[in-house]
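Let me begin by presenting the structure, written as structure tokens, before commenting on it.
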Amino acid sequence: HQNMNSSRIQNSYVFGVISIVLILVSVVECGTPSSELNDFDYPAINCRKHSAVLTDFGGVGDGKTSNTKAFNSAITNLSQYSKDGGAQLIVPPGKWLTGSFNLTSHFTLFLQKDAVILGSQDESEWPQLPVLPSYGRGRDAPDGRFSSLIFGTNLTDVVITGNNGTIDGQGSYWWSKFKNDQLKLTRPYMIELMYSNQIQISNLTLVNSPSWFVHPIYSSDIIINGLTILAPVGSPNTDGIDPDSCTNVRIEDNYIVSGDDCIAIKSGWDQYGIKFGKPSQQIVIRRLTCISPDSATVALGSEMSGGIQDVRIEDITAITTE
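So that you can map any letter, position 234 of the sequence shown is 234 in the UniProt record's numbering, and since no number is skipped, the others follow by simple counting.
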């Protein structure tokens, strides 16, 4: 009997698993009653009338050749079909080294099995962007920031998906610069979409982002599901999924190992977030597994000056998290 109790205690420490079922979180601004979450649905992966392969535009999947021009050329070419059924860019098996590239509307980026997008460690391949208006300054440095690896702004109907292909941000280069105080600009995120709607990100493995992994901001109608997100637990600021001043977000069936919060709902910093005045709202998080020894499973903030309201969190497995 004593051995059985000892075994139970040991198992609880070894696995450290906390199952949280049906948690309802509602954060309401200024005493305003919480409204019901608006449900929304659309096909998980939209069919596109037009399709192309990265190699059609000179892509080389050897892990050494830069494909920044190939990605940008492909997407620019395919953008002509945005009003004619949309287009899909297929990334075939291989290792595709690239700097930052921009997406377009009515577009699918599809990573086939064994396709790996590698983030370049050449800073010249990462354009500089101004600071986010709801933040007022960079997170790592006061002036500006690097564009995210996969970036888009003012877009409609964007899908980033695959047959469990991989996006590897090769973040160790950036983590080292951060820890040694060598950054003049804020590190890039892995995926960032701004001022956009109808976004779907699914069925991918994301590893070693320079900073946050998935950052939709000032956007709406977002589905993020079926992601495996992996970063060393000691890596700096590698949040998994950070909806920021977003409306109507569904985050489901994700597995995250992170050096920071697995999911953090945000809405801007201090007076900048207050002035911008765009809350995060109508957010559902379901069936999340999180491993993050020093941070939160789901955090509200800490940057939340624009407000957070109508958040539902349910069916969570938290393993050795704070």
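For every residue, glycine included, the Cβ atom is placed at its ideal position computed from N, Cα and C.
Bear in mind the structure is a predicted one, so any value in this text is a computation, not a measurement.
- In terms of CA proximity to Tyr218, Asn154 leads the group Tyr272, Thr205, Asn154.
- Per DSSP, the continuous beta strand (DSSP E) segment holding Asp157 begins and ends at 156-162.
- Classified as exposed, Pro93 has fewer than 16 neighbouring CB atoms from the shown chains inside 10 Å of its CB.
- With distances taken between CA atoms, Thr55 lies nearest to Ser66 out of Ser66, Pro130, Arg48, Lys49.
- For Phe57, there is no enclosing beta strand (DSSP E), as DSSP marks it with neither H nor E.
- Between the beta-carbon of Ser79 and that of Thr104 there is about 4 Å, and that keeps the pair under the 8 Å contact cut.
- Taking the CA atoms as reference points, Glu192 sits about 11 Å from Ile160.
- For Lys69, the enclosing alpha helix (DSSP H) stretches over residues 68-78.
- Ranked by how close their Cα comes to the Cα of Asp84, the residues Gly171, Arg287, Lys49 have Lys49 in first place.
- At a cut-off of 4 residues, the continuous stretches assigned as alpha helix (DSSP H) that sit fully inside the segment 141-223 are 172-179.
- Taking the Cα positions, Asp253 is about 13 Å away from Gly240.
- In the structure shown, Gly273 adopts helical secondary structure according to DSSP, grouped into three states.
- Under a 10 Å Cβ-count criterion, Lys179 is classified as exposed, with fewer than 16 other Cβ atoms of the shown protein chains found around its own Cβ.
- Measuring C-alpha to C-alpha distances from Ser148 to each of Asp181, Ile167, Gly162, Gln198 identifies Ile167 as the nearest.
- The closest CA to that of Gly119, considering only Ser305, Asp143, Ser209, Lys69, is found on Ser209.
- Contact check for Gly152 against Ser196 passes: the beta carbons are separated by less than 8 Å.
- Looking at the backbone, the Cα of Gly259 and that of His106 are separated by about 33 Å.
- A direct Cα-to-Cα measurement between Pro236 and Ser211 gives close to 7 Å.
- As DSSP reads the structure, Ala296 sits in no beta bridge.
- Inter-residue distance for Pro279 and Gln309 is about 7 Å (C-alpha atoms, whole angstroms).
- DSSP places Asn248 in the uninterrupted beta strand (DSSP E) bounded by 247-257.
- Per DSSP, the continuous beta strand (DSSP E) segment holding Gly119 begins and ends at 115-119.
- Taking the C-beta atoms as reference points, Gly273 is found nearer than 8 Å to Ser305.
- Setting aside the 5 residues that flank it on each side, Val233 is surrounded in the same chain by Val257, Ser258, Gly259, Ile291, Ser292, Pro293, Asp294, each with a C-beta closer than 8 Å to its C-beta; the list follows chain order.
- Annotation: Thr156 to Val249 spans about 15 Å, alpha carbon to alpha carbon.
- Residue state for Glu125 is assigned as helix, using DSSP reduced to three classes.
- Taking Gly277 as the centre and dropping the five residues before and after it, the same chain places the C-beta of Gly306 closer than 7 Å to its C-beta, in chain order.
- Bridge pairing for Arg286: Glu252, Glu314 [DSSP].
- Gln121 and Phe57 have their C-alpha atoms some 22 Å from each other.
- For a cut-off of 8 Å, the C-beta gap from Ile199 to Ile222 is around 5 Å, short enough to register as a contact.
- Shown here for Val207: same chain residues with a beta carbon closer than 6 Å to its own, the five before and five after excluded, namely Asp168, Leu230 in chain order.
- For Ala296, the closest alpha carbon among the candidates Asp242, Asp270, Phe101 is that of Asp242.
- For Thr108, the enclosing beta strand (DSSP E) starts and ends at 107-111.
- For the set Tyr81, Leu97, Ile251, the Cα lying nearest the Cα of Asn203 is the one of Ile251.
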